[in-house]
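Reviewing the structure listed below.
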Amino acid sequence: MVLLAAVALIVATPFLSNYYVRVANGLLIYILLGIGLNIVIGYAGLLDLGFVAFYAVGAYTYALLASPQLGLHLPFLLIVVIAACVGAITGILLGLPVLKLRGDYLAIVTLGFGEIIRILMNNLDWLTGGPKGIARLDKASIVGIELARPTEIYWLLIVVVLAVATFVWRMEKSILGKAWAAIREDQDAARGIGINTTNAKLAAFATSATIGSIAGVIFAASQRFVSPDSFALQESVLIVLMIVVGGIGNILGIVVGAAILILLPEVLREFAEWRILFLGLLMIVLIIVRPSGIVPRSFGPEKLIRGLFGK
Amino acid sequence: EDVTIGLAGPISGPQAYFGTTWHNGFKLYIDKLNAAGGVNGVTVKINQQDDQADPRQGTLVAQKFCDDESVVLGLVNFNSGVAQSTLPIYEDCTMPTMTFGSNPALTQQGYKFMVRPVANDFAGALLPAEYALQKLNAKSALIVNDKQVFGQGISEIFGKNFIAGGGKVLDTLSIAPTDVDFSAVLAQIKSKNPDVIYLGAVMPQLALFAKQMHEQGVKATLMVPDGGYTPEFISQAGQVNVQGATVAVQAPPLDATPAIADFAAQYKAKYGQDAGPYSIYGYAQAQILEAVLKSAKGYTREDMNEALHNVKADTAIGQLEFDDKGELKVAPSYLYKVEGDKFTLIGTK
Amino acid sequence: MLGILIQQTVNALTIGAIYALIALGYTMVYGVLRMINFAHGEMFMLGAYAAFLTLTFFVGDIGGAGALVLSLVFAVALIAVGLAGVGIERLAYKPLRTSNRLAPMLSSLGVSLSLVTGVQIMAGPQPVGFPSFFPATRIDVFGGTVTLVQIGILIAAFVLMAALYLLVNRSRAGIIVRAVSENRPTAQLLGINANLAISLVFFFGPLLGAAGGILYASYYGIMSPTMGAVVGLKAFTAAILGGIGSIPGAVLGSFILAFVEVGGTALLPILSGGILGTEYRDVLAFAILILVLLVRPAGILGEPVSEESIVYKREF
Amino acid sequence: MTSTTSRPLLKIAGLSSGYGRVGVLNAIDLEVDEREIVVILGPNGAGKTTLLNSISGVARATAGSIEFEGRDIVGSRPEQVVRMGLAHCPEGRQIFQRLTVEENLVAAHIGRGGKSFEVLRNDVFELFPILKERRNGMASRMSGGQQQMLAIGRALMAEPKLLMLDEPSLGLAPKIIQQIFRIILDLSTSGISILLVEQNVQLALECGDYAYLLNTGRVRLHGPAQELAEHSAISDHYLGGATEETIHV
Amino acid sequence: MAYPVLGSSDDRAHHRAPLRHRAKIVRAGKTHSGAFRQMTLTFEKLRKQYGQHVTIDDVSTRFEPGLIHGVIGPNGAGKSTLINMTAGSYVVSGGKISLDDKTLSGMKKYQIANSGVARTYQNIRLFDQMTVLENLEVCFYPAHVGQVWREILWPPFAAKRRRERRDVCMELLAFFNLQHYADAEAGSLPYGRQRMLEIARALVMNPRVLLLDEPAAGLNHHETAELTARLAELKTPDRIMIVVEHDMDLVMTVCDRIVVMHHGKLLFQGTPAEVQASADVQLAYLGTANDLDDIKTAAKDRRTQLGIRARRRS
Ligand SMILES: Nc1ncnc2c1ncn2[C@@H]1O[C@H](COP(=O)(O)OP(=O)(O)OP(=O)(O)O)[C@@H](O)[C@H]1O
Ligand SMILES: Nc1ncnc2c1ncn2[C@@H]1O[C@H](COP(=O)(O)OP(=O)(O)OP(=O)(O)O)[C@@H](O)[C@H]1O
Ligand SMILES: CC(C)C[C@H](N)C(=O)O
Ligand SMILES: [Mg+2]
Ligand SMILES: [Mg+2]
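Chains as they are written, first to last, in the working numbering: chain L, 9 to 319; chain R, 10 to 358; chain F, 5 to 320; chain D, 3 to 251; chain W, 1255 to 1568.
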């Protein structure tokens, strides 16, 4: 039932008006970001408040390689690969210095990292266009199929989100995912059983950064304009919130969290400031009622699948 | 019969004041218009949306207007940064817009469906540079900007004009848009001793800077762009701290002509507070709309667009018409000086 | 040259003192509840608004208020914000004491968002001018300009910080608060009213923040609903830099951060030969934060956590 | 002097309790007379700690009564219970690691019986000279045995009439355990009643007056300590041969 | 000889076959290099100090394979510190720890673990919110991480891996009588079972050095007896077992050799009988028979002095 409804919704959305498709696209991008960040926060238990940096890296990679800014016009798929690599490298670069840090110290350093990236984007005018950003990005296309209109981006996002979610889910179930869980529970004990926590954490940072970066590419390709404004600190916080409200460490939870935090303000658009107040209060209530998220960690995709197919 | 106009601007958040008062100016005239039976029997409906000065929200609003068949014209986006993202969307759905963002680049991207009913920043930064060189006999200027689209853009133009006129720009310093403490920057400036300081930023930074500048004993003349054209600039800085500072803005003084004074009185009567710095533009835009409706062949988006590009409107701020890029043919620009608790007009172009 | 040096030192000290007042609140709350209170910046903002409100409500004409009336007004505002802090803790954090560590932190984000929008709705979103209470007297010291406001801020900040230090380290209440912060169940077993101790922290933390807010607003002559966000983040950074949970650490971190900011503005362009402008000031600040934490992962004065001695289990 | 006539200091009747919805204890009856040392024995998870927690108000009683000096204390919060003169020295010492030795004592002084902090502290220092020696040192630097002494000293700061000790010998060297038991005897002599939870059956029964054996949340056996020490059921119980019926010795 | 299995008593024969199977898996992984050679753990002039405070002072000794070594000593003598240094949790301040020719001191904690050193903690440290089974499975990380990409991308391979891990772990769980808890959260287990699980976790990778820090602390007599039996069964000719413990019954029963620590120094080492006989050890740690008598006397004195005769309760 639920599955049918979900599929119906997914298929029906592109036939609605473009506004809804755009809203859905925004939602899907946040889901993608949530899945990426959740690897670091939900699986490995590292509080990363600078995730938006990777998102920015991906977006700017696309902007620089497919716009008049540098006169480059590389194909979309190639840029996705490049951005994934750049993202992974940035992830490792951030990961390396912060591995020794715990909890709140990690949070503030990642936050600082995110801010540093944003400030650089805002000030390296010769490269990034500074606050003006980069406009007139190429339309994306894959093997001749153009991906520029909201519906086209929508299908691209659906495919990417499903693929990434499956990948990340399998990752969680693998021995690496178990190691992340162990690090989250007790990092020192994890070392004591022979887990190279440095490598495992770097793997988490790199994967998460890669996903963030890919989300950035798609975001840039759909907006066809990037500027530092889109990568403010609040975005990172919003993604963390999505994860926690929905259910830490759980892909389904992210979908729910994103739906609440992204769709609700859209639905309540008429109420201007009151909706933000409402959202703030709702957040408090939700967290008090369900401190570890609406969807519990144990209710993962496998439970859903098992529930759906009656086994 | 009626037509719907989409209004998008910051209605919540820190820039809400600008957005609401601008829109209120528009509504003020439209209400009068509708009350009088509309234009040729056509009344105007308003669909007002909040873009929070955020490009992402702006694009959603743009899409919403595009999807809504009944919306035939947009009065959109106070901020250049937002307009930058939304204009392609409006272009795609052939929606004519009157854009408020003042960054010169907006009209240079070949958009066919936009006009800009205000002076762009070229105009906004020319007057002060000339004034500084000719009236103040300034030899050197120092530029401070907030590294935002508007602040950086307009201060760069000021710099170019100032140098072109024979002046010397000593240095360009940047501040973060959230800064409130400029003491360190000012200490720096003091040692350079410029004749004028051009500050490309918005309120409340303009006021804070003016205040601290005076308190730290920096003697240069402060020149600021249009964001400073509000009584808050004087009250928040403290009257003594802003004497002599100049403000360049596209708006005429509220008592400049009888038409404007009349507008100001109506505004105050209707909303119970003084008109905002951009309210007069909202009002004038409504008058442009009136002219468009009069001359349009029909009320489709295409027809409206054609009429908009060819309009000659008599407004409270004079007769307005657009060139082929959508820029005002004659864009009035005014320069004021703070004297006491008032802005005194010292130049116009 | 000496003038600039003195000038910049005074500037840094003033900024540092304001950061410190706020950082102390972060540190106190963290010390007791191991929680980052993201709504703390809003206490700072509420301080300014509360003072403004009491002032206009009770005194009416702001200009004519005497020193006694003013101090009374401030006391009322501080206590009001302190009580608000206690109330917020009861409503939004207390139910989450036993849940994972992220929950109260995010609840505080919700509180922060609600407070900012609440004030925006009630008082308007735009910044409001705030009266200055110190005469705008300027004193010239070897070429540098020091205002009375700056001196006032420094004195007020140091008095408040010293009082807090004594309260926490010398008084029985302080010892109790520290005991509760370390082990709440045991503290209760020993007859300590833990809720009272926590309320105490949530009274004094916001109170200090509010004091910072009032000083800040009258120094810069302005207040706005969002003023807490930026300063709050700075102060939080300072608290981490100094070692969160440590009171001297918060003060030290605040002054270091202030000097880095001021120094960064003044020196970055010179040191980099003009390549890096003042816009890179925050990059410098964060870079220094990261470097310090690389050498001392628990901050400058934070207690280093030895792996086996303290069982450091899951964080959320 | 036999205390048969005297009213019991602590009287628990039909107590059931647990944590949240988890029930742990079931219909417990237990009494402590004045100046007695009452021992509670039982395997892990029997509910010994829960019993002490229920008395001091940490675990919630769902049925039954707990009377201390004739007053029902069910539903009182821990800090109120302490103020009535019932101190609880918790399992695993739980001293405040980041406070100094003396600060640990300050934190625990609630000024119940009217004695000033200095007087009480000096009493504790007299009992445990090592604490005086290390008074300004960080508590975390002390060895396990010293920490246990601090934990007991801290409980004494509340001037209790009844002191509840939860496995004070846990993780201590045999020699230190003997020291701790001596201290318990001394405390009792000085007029404090003691409720002692212990795994060290032999020593506990040697020093105690009356003993209860708990298993799976029920009292399985009780009687005077000396008699219980000789009872074969004790060793049976400890080796897991659970007897369902309560045995009176 | 054949791969040494846990325990040797014949009534445990049913454990044996699958455990051989396990040996294969463990060898297939990369945890240990080469054949199972006997190795010796050596401490040379080991030191540990915090600032000026010396907690381990010039300790030199050898731990032979095939034996269970007890480490006893008063609280704060430095027993846990020794374990922590060996496992790499504490940095060594001076001296050297080596496993045959391999120097452990200075290596990272996880490298030491992967050299075959496994441990338990004085305060139980399980992965509380993971299931019992997962607590053991995750120990395969060092051996299996090399092929993690295959595991993620190729479901049949993942299934195979999961089966391999599960088989070994269930085996160990059965050995410790934990099989019924396999899917329970580790943190929800009764205390005694948690202790057993922690030992099981240390055994997954078939370590050559097994360090147990107070495994009997908090266990009741019944559980201690169970533990004693298991420890004896875990003894294999090439395994070095070190047990820090205050429970003298357990130590004296199960240990072949005992090291006594006092004030960070080696006070004595020898067989259980020698240790019990040593006057030094009695004075420093065990307490003498006289001490025990003293308590009994004191208890009696108290009863007579206070005149307490316990009231019998109904
Ligand atoms: N905070 C708690 N919440 C829920 N259940 C608990 C809690 N504490 C203990 N229990 C459960 O209550 C039962 C009794 O535990 P208790 O700690 O009272 O036993 P005990 O006799 O003191 O054992 P030990 O000898 O291990 O100290 C156990 O099954 C335990 O799992
Ligand atoms: N982080 C630390 N800083 C300072 N001293 C420490 C630290 N950790 C341990 N010590 C000291 O080292 C000494 C040895 O401690 P250790 O934990 O090894 O004792 P132990 O023999 O295991 O005692 P127990 O039987 O009580 O567990 C103690 O005096 C302790 O106070
Ligand atoms: C003055 C401003 C706040 C905005 C300006 N009109 C812009 O283009 O962004
Ligand atoms: Mg217990
Ligand atoms: Mg130990």
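Beta carbons: idealized from backbone N, C-alpha and C, even for Gly.
message: Let me check understanding here. Comparing Cα to Cα, which of W:Leu1488, W:Asn1329, W:Ser1359 lies closest to W:Gly1349?
response: W:Ser1359
- request: Please confirm whether any heavy atom of ligand 2 lies closer than 7 Å to the CB of L:Ala52.
  value: no
field: Status (buried if at least 16 other CB within 10 Å, exposed otherwise) for W:Gln1306
entry: exposed
- request: Could you spell out the range, first to last residue, of the beta strand (DSSP E) harbouring W:Tyr1395?
  value: Segment 1395-1398 is the alpha helix (DSSP H) holding W:Tyr1395; no beta strand (DSSP E) there.
- prompt: Sorry if obvious, but does the Cβ on W:Glu1468 come closer than 7 Å to a heavy atom of ligand 5?
  reply: yes
- request: Would you check if the distance between the CB atom of R:Ile152 and the CB atom of R:Gly133 is smaller than 8 Å?
  value: no
query: Between the C-alpha atoms of F:Ala24 and D:Arg85, what's the straight-line distance to the nearest angstrom?
result: 38 Å
query: Closest Cβ-Cβ distance between R:Ala196 and chain F: below 8 Å?
result: yes
field: Helix, strand or coil at W:Val1345 [DSSP, three-state]
entry: coil
query: What is the rounded straight-line gap between the Cα of R:Gln225 and the Cα of R:Ala316?
result: 54 Å
field: Validate contact between the segment 44-54 of chain L and the segment 215-234 of chain L using beta carbons, cut 8 Å, 3 pairs
entry: yes
Proximity test, L:Ile46 beta-carbon vs ligand 1 heavy atom, cut-off 7 Å: For the record, residue 46 of chain L in the displayed sequence is Asn; it is not Ile. L:Asn46: no, Cβ never under 7 Å from ligand 1.
- prompt: On the three-pair Cβ rule with 8 Å, is the segment 143-160 of chain F touching the segment 54-70 of chain D?
  reply: no
query: In angstroms, rounded to a whole number, what distance separates the CA positions of L:Ala173 and W:Leu1473?
result: 45 Å
message: Just to confirm the assignment, what range does the beta strand (DSSP E) spanning F:Pro229 have?
response: Run containing F:Pro229: none; DSSP gives neither H nor E here.
- prompt: Which stretch, first to last residue, makes up the beta strand (DSSP E) that contains L:Tyr27?
  reply: First-last for L:Tyr27: 26-46, but that is the alpha helix (DSSP H), not the beta strand (DSSP E).
message: I'd like the list of long-range same chain contacts for R:Gln117, defined as Cβ closer than 8 Å, with 5 residues on each side in sequence excluded.
response: Lys334
message: So, for R:Pro186: in the same chain, excluding its five sequence neighbours on each side, which residues have a beta-carbon less than 6 Å away from its beta-carbon?
response: Asp155, Gln157
- prompt: Hey, R:Val81 and R:Tyr308 are a contact pair by Cβ (cut 8 Å); roughly how many whole angstroms apart?
  reply: 6 Å
message: Quick check: the segment 59-70 of chain L against the segment 285-298 of chain L, are at least 3 beta-carbon pairs closer than 8 Å?
response: no
- request: Run the proximity test for D:Asn46: is its beta-carbon closer than 7 Å to any non-hydrogen atom belonging to ligand 1?
  value: yes
message: With a threshold of 8 Å between beta carbons, is D:Leu11 in contact with chain W?
response: no
query: For R:Val158 and chain L, any beta-carbon pair shorter than 8 Å?
result: yes
task: Can you grab the Cα-Cα spacing for the pair F:Asn199 / F:Gly246, in whole Å?
output: 27 Å
field: Residues that L:Phe23 contacts on chain R, provided the C-beta gap is smaller than 8 Å
entry: Simply none; closest approach about 13 Å.
message: Can you tell me whether L:Ala16 is helix, strand or coil according to DSSP?
response: helix
query: R:Gln57 lies in the beta strand (DSSP E); which residues open and close that run?
result: 52-59
query: Does the beta-carbon of L:Trp134 have 16 or more other beta-carbons within 10 angstroms, so that it is buried, or is it exposed?
result: exposed
message: Among the candidates F:Ile260, F:Asn173, F:Pro139, whose CA atom is the shortest distance from the CA of F:Ala71?
response: F:Pro139
task: Run the proximity test for W:Thr1315: is its beta-carbon closer than 7 Å to any non-hydrogen atom belonging to ligand 2?
output: no
message: Measuring only the C-alpha atoms, how far is W:Ala1289 from W:Thr1296?
response: Only weak support is given to the placement of W:Ala1289: the predicted model assigns it a pLDDT of 46, under 50, and the value that follows is read from those uncertain coordinates. Cα to Cα, W:Ala1289 sits roughly 20 Å from W:Thr1296.
- prompt: Would you report the Cα separation of R:Tyr343 and L:His81, rounded to the nearest angstrom?
  reply: 43 Å
- prompt: What residues match up with D:Ala206 in a beta bridge as DSSP calls it?
  reply: Per DSSP, none; premise fails for D:Ala206.
- prompt: So which residues of chain L does F:Ala96 contact, with C-beta pairs closer than 8 Å?
  reply: Ile292, Ile296
The segment 69-90 of chain R: positions lying closer than 7 Å to chain L by Cβ: Leu69, Gln72, Lys73, Cys75, Asp76, Gly90
- prompt: According to the Cβ coordinates, are R:Lys73 and L:Tyr27 closer than 8 Å?
  reply: yes
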